[in-house]
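The block underneath contains the structure these notes are about, expressed in structure tokens.
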Amino acid sequence: MTLRRYLGWLLVGGLVMAALAASGAIVEGSFDDNDWKVIGTSLGFSIYSALASAGASLRLRASERKQQLGQWTMVLAAVAFVLLLAWVWPEPEDETIARAWGAVSLAALAVSHACIVTSGRRPTDTETVSLLATASIVLGVVDASAAILPVVDLVDDVEDGLAELFAVMVIALLLTTVLQPILRKLNRSEPAPAPGAVNCAVDAPVVRLAQDVLEAADRIEAMNAGNAGHGPDIRRECERLRQVARQYTR
Numbered sequence: 001m002t003l004r005r006y007l008g009w010l011l012v013g014g015l016v017m018a019a020l021a022a023s024g025a026i027v028e029g030s031f032d033d034n035d036w037k038v039i040g041t042s043l044g045f046s047i048y049s050a051l052a053s054a055g056a057s058l059r060l061r062a063s064e065r066k067q068q069l070g071q072w073t074m075v076l077a078a079v080a081f082v083l084l085l086a087w088v089w090p091e092p093e094d095e096t097i098a099r100a101w102g103a104v105s106l107a108a109l110a111v112s113h114a115c116i117v118t119s120g121r122r123p124t125d126t127e128t129v130s131l132l133a134t135a136s137i138v139l140g141v142v143d144a145s146a147a148i149l150p151v152v153d154l155v156d157d158v159e160d161g162l163a164e165l166f167a168v169m170v171i172a173l174l175l176t177t178v179l180q181p182i183l184r185k186l187n188r189s190e191p192a193p194a195p196g197a198v199n200c201a202v203d204a205p206v207v208r209l210a211q212d213v214l215e216a217a218d219r220i221e222a223m224n225a226g227n228a229g230h231g232p233d234i235r236r237e238c239e240r241l242r243q244v245a246r247q248y249t250r
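Take 1 as the starting number for the sequence shown in the numbering used here and just add one per residue.
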């Protein structure tokens with residue numbers, strides 16, 4: 001969370017710098033090459049900070065594969081920003097560096113998208129939502145790979161049919177990505193479960209703890225059913241335990 005907050009402030013700083021540079025150029029009445037370079041660098045810094053932030057969200061996950069995905073996202077975002085600087089500021093601009101920057105940026109965008117989708121997945125996701133998440137990640141990788149080919153000059157001429165197919169795949173990517181949170185929200189809007197029913201949206205360890213408390217209260221009350229002196233007090237304390245536990249099982 002500290003790293004994500006730091007990256008968030010970097011994003012804010014980049015946007016502020018871009019706004020100040022644009023405002024200064026407007027006040028002076030002209031935009032020269034250096035103004036555009038400052039604005040482009042500031043916006044690029046903000047964009048790559050946002051991409052890296054998506055990777056930072058997976059660095060502390062229990063899954064090693066998720067941690068590696070987050071780390072690679074941050075690395076690719078950093079490399080893309082360095083390539084942006086190497087392309088924009090020197091004179092004259094190097095086409096080779098420009099192609100490398102485009103390819104790495106597309107790769108960073110694809111893995112960042114995968115991080116966002118992976119972070120959004122929930123244990124309560126339906127099979128449909130899980131399939132949409134998988135399809136979204138696959139489409140993101142395929143679309144980015146297809147876009148990289150002409151960027152690095154491996155493909156010179158794209159036929160109309162392939163361009164149309166690519167456009168359809170981009171639409172499918174957007175659709176599978178947008179539908180996931182919508183379907184999750186629709187699933188959460190179902191009627192509330194009966195009292196005492198377990199809500200799977202709660203973390204499993206908390207649910208198990210609440211169930212253990214309920215069972216312990218039942219056992220204590222059963223063992224002291226014949227205790228006339230302390231029966232009411234025991235039953236009262238058991239009911240308090242049940243009330244606490246039910247807050248985590250509804």
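Virtual Cβ for every residue (Gly too), placed ideally from N, Cα, C.
Predicted model, so just to flag it, every value in this text is computed and none were measured.
Practice task
Could you work out which residue in Ala-133, Arg-188, Ala-52 is closest to Leu-76 when comparing CA atoms only?
Solution key: The residue given as residue 76 occupies position 76 in the sequence shown. Here the closest residue by C-alpha is Ala-52.
Problem - Neighbour-count burial assignment, Trp-264, 16 or more Cβ in a 10 Å radius - result: This structure cannot speak to residue 264, because the chain is shown only from 1 to 250.
Exercise for the section: Specify the secondary structure class of Pro-150 as computed by DSSP and reduced to three states. Expected result: As a working mapping, residue 150 is identified with position 150 in the sequence shown. Under the three-state reduction of DSSP output, Pro-150 falls in the helix class.
Problem - Buried or exposed (CB count within 10 angstroms, at least 16 for buried), Ala-338 - result: Nothing about residue 338 can be reported from this structure: the residues present for the chain run from 1 to 250 only.
Practice task
Could you check how far apart the C-beta atoms of Leu-183 and Thr-128 are, in whole angstroms? I think they sit under 8 angstroms.
Solution key: Looking up residue 183 in the sequence shown gives position 183. Looking up residue 128 in the sequence shown gives position 128. With a Cβ gap of about 7 angstroms, Leu-183 and Thr-128 count as contacting.
Practice task
Decide if Gln-68 is buried, meaning its Cβ has at least 16 other Cβ atoms within 10 Å, or exposed.
Solution key: For the purposes of this step, residue 68 is taken as the residue at position 68 of the sequence shown. So Gln-68 counts as exposed.
Problem - Nearest candidate by alpha-carbon position, reference Val-12, set Ala-21, Ile-47, Asp-32, Gly-40 - result: Working through the sequence shown from its first residue, we reach residue 12 at position 12. Distance from the Cα of Val-12 is smallest, within the candidate group Ala-21, Ile-47, Asp-32, Gly-40, for Ile-47.
Problem - Collapsed DSSP secondary structure at Thr-126 in the structure displayed - result: By one-based count along the sequence shown, residue 126 stands at place 126. In this structure, Thr-126 counts as coil in the three-state DSSP scheme.
Problem - Rounded straight-line distance, which links the Cα of Asp-157 to that of Gln-71 - result: Stepping through the sequence shown from its first residue, residue 71 is reached at position 71. Stepping through the sequence shown from its first residue, residue 157 is reached at position 157. Taking the straight line from one Cα to the other gives about 35 angstroms.
Practice task
Compute the distance between the beta-carbons of Cys-115 and Thr-176, then report whether it is under 8 angstroms.
Solution key: Residue 115 sits at position 115 when you count from the first residue of the sequence shown. Residue 176 sits at position 176 when you count from the first residue of the sequence shown. Contact flag unset, no.
Exercise for the section: Output the boundary residues of the alpha helix (DSSP H) element that contains Glu-164. Expected result: Taking the sequence shown and counting its residues from 1, the one referred to as residue 164 is at position 164. Run containing Glu-164: 160 to 188, per the alpha helix (DSSP H) assignment.
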